[in-house]
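Single-structure report; data block below.
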Amino acid sequence: MIYILQNYWRALLYSDGYHMTGIAMTLWLLVVSCAIGFCIALPLAIARNSKNPLIWGPVWLYGFIFRGTPLYVQLLLIYTGVYGLHFVRETPFLADFFRSAINCTLLSFALNTGAYTTEIFYGAIRDTSFGEVDAGRAYGMSRFTLYRRIIIPSALRRALPMYSNEVILMLHATTLAFTATVPDILKVTNDAYVATYAPFDAFGLAAVIYLCISFTLIFMFRRAERHFLAHLAS
Amino acid sequence: MFNLGGYGPHILAGTVTTVELSLLSLLVSFILGLIGASAKLSKNRAARGIATVYTTLIRGIPDLVLMLLIFYSLQIWINDFTDWLNNLQNSIDFEVQLDPFTSGVITLGFIYGAYFTETFRGAFLAVPKGQMEAARAFGMRPFLVFRRILFPQMMRYALPGLGNNWQVILKATALVSIIGLSDVVFAAQQAGEATLETFFYLCIAGAVYLVLTIISNGVLLYLERKYMIGVRQAVL
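Written out as structure tokens, the structure is:
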């Protein structure tokens, strides 16, 4: 254990001397994929609430495919599958993009969490109380203003508990990045395991670190909920 | 048609492994969940403490980390244990070898048992108190109360959560290919590497999961109807 800590503490925390690794890498993956996922999810959730089947149909299909297959398969598909396609290797831009492990990882994570987040926001927007919308209309708000001022702020607040769950699950999902050779926490501890052949020490260390990050996130979301959902407190 | 360049049977065998693994893990985690929920709701403080530590720890740690942790440590622990037994009694010399399938089932069952514990805890609490009191007034023993009264009513409240957990287990089985079990993802990867058509074969693996999801949605709908019998709903 002490051997692992002495040899790997720097790699576990932020860098192995060449690249960003360990906790810094895991948090980077988490923040970027959640940010992109959020940006995908908000417009898609509004589209999913549309009455036109041509608009909500494709969004539903996207959600169904990405929530119905394991993230590991999606990651493999994007990381190893796409680069094997002929036209991708021929196009310089696409080839450059899909050759990099971290790009593929971020893309698959963002698409995956985007699908789940869409579903969360869709539910929150659908359950907006009719009184709020009626009041907005009575003030003569246009559709855009109605969404911007009433529906989206209210829906995002109510979605916060579910969304915090999704972020925690995403933290857990970032461990898959190590299968695509991205040096996150699990990759560093896996290296430590291979070097020492002490699985309990190495992976136990990873487990403790992930536990600490999970608890910190849960604590932060609790604070956020107390702030943003104060009007709903009983 | 289902030959898939000669890899059809291989992928089919992988699919069967995936389904078997998911069902067995579901069974293990279902039982662990029932035990855990009973422990969490019991009056015994030690049982409550252990169950709380179990659910908090397991749900705070990523499943892949736990899987690697348990998968690689389990065999070492078992070896240590059998060594200790052998030292204790020199005459017997036995060892236990865990194959990846068994350790996969144990690991997945142990991890998702924590999620089932939370689902069942909520469902147990949702059963009206009067039902339990009536059962006890009839002189039923605790096990009979559980079998005839608590379990059938609890299942109705637990089903949506159970369905969710089942989908998560089904998708989590994809991770076992990382620890060397030949499930459908592993088979698709092998086929892809051999034929250089990784994209195609991984799409097949994804499609297999989609079909399994659709089937389990149907089964869940059926079960939900079954456990809703006798519940009066508002007509809208």
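Sequence order for the protein chains is A and B. Numbered per the working numbering, the first sequence spans residues 56 to 289. Numbered per the working numbering, the second sequence spans residues 15 to 250. Ideal placement from N, C-alpha and C gives every residue a C-beta, glycine not left out. Bear in mind the structure is a predicted one, so any value in this text is a computation, not a measurement.
- The C-alpha of Met169/B lies about 37 Å from the C-alpha of Ala232/A.
- The residues Thr76, Gly77, Val243, in chain order, have a CB closer than 7 Å to that of Ala66/A in the same chain once the five nearest residues on each side in sequence are set aside.
- Around the beta carbon of Lys143/B, fewer than 16 other beta carbons sit within 10 angstroms, so the residue counts as exposed.
- For His24/B, the enclosing alpha helix (DSSP H) starts and ends at 22–55.
- The residue among Leu201/A, Leu266/A, Phe142/A, Gly259/A with its C-alpha nearest the C-alpha of Leu226/A is Leu266/A.
- In chain order, Pro76, Asp77 make up the part of chain B whose C-beta sits under 7 Å from the C-beta of His227/A.
- Residue environment analysis places Lys54/B among the buried positions, since at least 16 neighbouring C-beta atoms fall within 10 angstroms of its C-beta.
- Distance from the Cα of Asp256/A is smallest, within the candidate group Gly50/B, Leu80/B, Phe213/B, Glu147/B, for Leu80/B.
- Sorting Ile205/A, Thr135/A, Ala279/A, Met56/A by C-alpha distance to the C-alpha of Met217/A places Ala279/A at the top.
- Put simply, of Ser184/A, Thr160/A, Glu187/A the residue whose alpha carbon is nearest the alpha carbon of Ile91/A is Thr160/A.
- Here Gln167/B is buried, its C-beta having at least 16 other C-beta atoms within 10 Å.
- Contact annotation: the segment 162–182 of chain A touches the segment 197–210 of chain A, with at least three C-beta pairs closer than 8 Å.
- Counting other Cβ atoms within 10 Å of its Cβ, Ala250/A stays below 16 and is therefore classed as exposed.
- Separation of Gly186/A and Arg192/A (C-alpha to C-alpha, rounded to the nearest whole angstrom) is 10 Å.
- Separation of Thr236/A and Ile120/B (C-alpha to C-alpha, rounded to the nearest whole angstrom) is 27 Å.
- Nearest neighbour of Leu46/B by Cα position, chosen from Ile64/B, Tyr171/B, Thr32/B, Thr31/B, turns out to be Ile64/B.
- For Ser70/A, the beta-bridge partners assigned by DSSP are Met75/A.
- Of the residues assessed, Lys240/B falls on the exposed side of the cut-off, its CB having fewer than 16 other CB atoms within 10 angstroms.
- Among the residues of the segment 218–244 of chain B, those with a Cβ less than 7 Å away from any Cβ of chain A are Ala219, Gly220, Tyr223, Leu224, Thr227, in the order of the chain.
- DSSP places Asn107/A in no alpha helix (DSSP H); its state is neither H nor E.
- The residues Arg103, in chain order, have a CB closer than 8 Å to that of Trp115/A in the same chain once the five nearest residues on each side in sequence are set aside.
- By the Cβ-count criterion, His24/B is buried, with 16 or more other Cβ atoms from all chains shown falling within 10 Å of its own Cβ.
- With a threshold of 8 Å between beta carbons, Ile192/B makes contact with chain A.
- When the alpha-carbon of Ala156/A is set against those of Asp189/A, Pro238/A, Thr173/A, the nearest one is in Pro238/A.
- In chain A, no part has a C-beta under 8 Å from the C-beta of Val33/B; the shortest such distance is about 14 Å.
- Gln181/B counts as buried, since at least 16 other C-beta atoms from the protein chains shown sit within 10 angstroms of its C-beta.
- In this structure, the straight-line span from the alpha carbon of Phe85/B to that of Leu226/B is close to 26 Å.
- Across the structure, Leu82/B and Ala190/A are spaced so that their CA atoms are roughly 54 Å apart.
- Per the Cβ contact rule, the segment 68–77 of chain B is in contact with the segment 118–137 of chain B (3 or more Cβ pairs under 8 Å).
- Going by C-alpha positions, Gln203/B is about 32 Å away from Ile268/A.
- Within 10 angstroms of the beta-carbon of Thr200/A lie fewer than 16 other beta-carbons, which makes it exposed.
- Between Ile183/B and Ser39/B, the C-beta spacing is below 8 Å.
- In the same chain as Ser36/B, and ignoring 5 residues on each side of it, the C-beta atoms closer than 7 Å to its own belong to Ile183, Leu184, Thr187, in chain order.
- For Phe124/B, no Cβ of chain A is located within less than 8 Å of the residue's own Cβ.
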